[in-house]
Structure formats: C-alpha cells, structure tokens
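What follows is a set of notes on a single structure, which appears directly below.
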Amino acid sequence: MSSTKEEIVPRQIKGRFDEEAPSQTTSADCYRRSGSRSRPRLTAKLARELATVTANVRTISRQNATMQELLERMQGQLANTSQNEEVIPLERE
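Structure (structure tokens):
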C-alpha cells in the first residue's frame, strides 16, 4: 500500500478487568457499537479496504504469472545445458 493512502488501524476494546480485551476489532464490530450515524463512513472505509485488497490480489496474480514464465524459461535453459554437456568419467587411482 502506498504511503499516501490512509492506513486502517484496528481499535482496542475496553473490557472489564476480569476479561481479556480482544486485541483487534473489525469494522463491522465498530459499526454495531456506534449505531447508524457512522454508516456512510463505514461504507466508505470498507469500500477502500475492498479496493486495496482487490488491487493486491491483481498484483500478486501478475507476479505469479511472471514468476511462472521465468521458472519455465530457467527449466528450459537447464534442460538445454544438461543436454549439451559432455559426461567426463572420473579417473580413479
């Protein structure tokens, strides 16, 4: 993610002292607590998160395709190299 985009930081929940507070909450959890006033803000936030995830999946897919092509080329070069090499027997004394 670029440095110009807003990073989304999980919020902590304040719980009772005898309970462990979860370290992270989802956007949906925050929405349920804050009511419908923040619904447009939540919708925009979730849309940004979805756009970021979608862009990351596309990038990874392109990188995987490129790596697959590179691997196939390297395997072909290795096969050609091994066919062109002469086998030299080891000399034993």
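Count along the sequence shown from 1, add 7, and you get the number used in our numbering. Glycine is no exception: its CB is placed at the ideal position from the N, C-alpha and C atoms. On a predicted model such as this, the values are computed, not experimentally measured, just so you know.
(request) Go ahead and pull the three-state DSSP assignment for S89. (result) helix
(request) Classify L53 as helix, strand or coil using the three-state DSSP reduction. (result) helix
(message) Helix, strand or coil, according to DSSP, for L77 in the structure here?
(response) helix
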